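Each residue of the sequence shown is one higher than the one before, counting from 5 in the numbering used here.
Built from N, CA and C at the ideal position, the CB exists for glycine as well.
Note that the coordinates shown come from a computational prediction; the quantities given were computed from them, not determined experimentally.
Step one of this worksheet: look at the structure below.
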Amino acid sequence: MTDFITDSTRNRLIEGVHVAGQEIMAIYRRDFAIEEKADASPLTEADMASHHALVGLLEAITPKVPILSEESAEIRYETRQTWQRYWLIDPLDGTKEFISHNGEFTLNVALVEDGVPVFGIVHAPALESGPATWWGQHGQGACKRENGGDDQPIHARALPDPQAEPWKIIGSRRHGAEIFEAFCQRLPAHECVSMGSSLKLCLVAEGNADLYPRLAPTSEWDTAAAQAVVTAAGGQVLNVETLEPLRCNQQDSVLNPFFIVCGQRDQRWENALRESVA
Numbered sequence: 005m006t007d008f009i010t011d012s013t014r015n016r017l018i019e020g021v022h023v024a025g026q027e028i029m030a031i032y033r034r035d036f037a038i039e040e041k042a043d044a045s046p047l048t049e050a051d052m053a054s055h056h057a058l059v060g061l062l063e064a065i066t067p068k069v070p071i072l073s074e075e076s077a078e079i080r081y082e083t084r085q086t087w088q089r090y091w092l093i094d095p096l097d098g099t100k101e102f103i104s105h106n107g108e109f110t111l112n113v114a115l116v117e118d119g120v121p122v123f124g125i126v127h128a129p130a131l132e133s134g135p136a137t138w139w140g141q142h143g144q145g146a147c148k149r150e151n152g153g154d155d156q157p158i159h160a161r162a163l164p165d166p167q168a169e170p171w172k173i174i175g176s177r178r179h180g181a182e183i184f185e186a187f188c189q190r191l192p193a194h195e196c197v198s199m200g201s202s203l204k205l206c207l208v209a210e211g212n213a214d215l216y217p218r219l220a221p222t223s224e225w226d227t228a229a230a231q232a233v234v235t236a237a238g239g240q241v242l243n244v245e246t247l248e249p250l251r252c253n254q255q256d257s258v259l260n261p262f263f264i265v266c267g268q269r270d271q272r273w274e275n276a277l278r279e280s281v282a
């Protein structure tokens, strides 16, 4: 994989994702149509504009690598299971955040090899502090790029002593509140912050949060890019039931199991997790 994603290729990909982000920001700043998918989730013209931009980018740079996008036609598992390497993208993660204009949405591009996200780009073009991009690559580490500046290395942090510094727990704005609260009640001293989209995983990757338990449904394209960032930054994204790393493309369904994102494993939160989801 290291030879496949060179520094030059990575920079071309990041630049292309930024262009896609500019396209959806043009839509973000004006009125836009909202449709409803078969599963009742919203779809905007920004989702599709980003989809076409990202697919075009990947086809131009890596024409032989298959692409699975949230907004592409369904691809049967009989086909997908033959893929040793493929791109997995979520053109607009956090469509509800996009619609509500709170800035907490992202563009997500992941390279998956043998079920493992080994490279990922997460781009947030509408944060109050300015555009931010996180990328992570197996064997190369993880970085954050803000406001068009240089890449700054990021690392997941070790859990602090909760008596000296409360743990920082990230939760979803919209999903899984009951189990999340049960989990948090069993933790040592902590504080909770709610946020949308794959930004939650990136906060763990950059050491600004300690745990993100996702105890509600997600799909593989929601998490793969940010999982690559987290793992390249030294953290982990673990299946809640097995505490094994989350994997992609292992079954017909693209739904993830419940998972937890952490800088490191610790018996205190593992016990809390086990008791809250029992």
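- Residue 172 sits in a strand when the DSSP states are folded into three classes.
- Listed in chain order, the non-local C-beta contacts of residue 75 below 7 Å within the same chain comprise 51, 52, 55 and 95, local neighbours out to five positions each way being set aside.
- Taking 4 residues as the shortest admissible run, the segment 183-241 contains the following complete alpha helix (DSSP H) segments, listed from N- to C-terminal end: 203-209 and 224-236.
- Counting along the chain, the unbroken alpha helix (DSSP H) around residue 15 starts and ends at 11-32.
- Annotation: the segment 71-150 contains the following complete segments of the alpha helix (DSSP H) (minimum length 4 residues), in chain order: 81-84 and 99-104.
- A buried status is given to residue 148, since no fewer than 16 other beta-carbon atoms sit within 10 Å of its beta-carbon.
- Within the DSSP bridge table, the entry for residue 48 names 38 as partners.
- Under the DSSP definition of a beta bridge, residue 243 partners with 263.
- With 16 or more other CB atoms across the displayed protein chains lying within 10 angstroms of its CB, residue 199 is buried.
- Between residue 236 and residue 144 the beta-carbon gap is near 7 Å, inside 8 Å, which marks them as a contact.
- Following the DSSP letters along the chain, one finds residue 271 inside the alpha helix (DSSP H) bounded by residues 271-280.
- With a threshold of 16 other beta carbon atoms within 10 Å, residue 173 meets it and is buried.
- Residue 125 sits buried, since 16 or more C-beta atoms from the chains shown fall within 10 Å of its C-beta.
- Between residue 212 and residue 234, the alpha-carbon positions lie close to 12 Å from each other.
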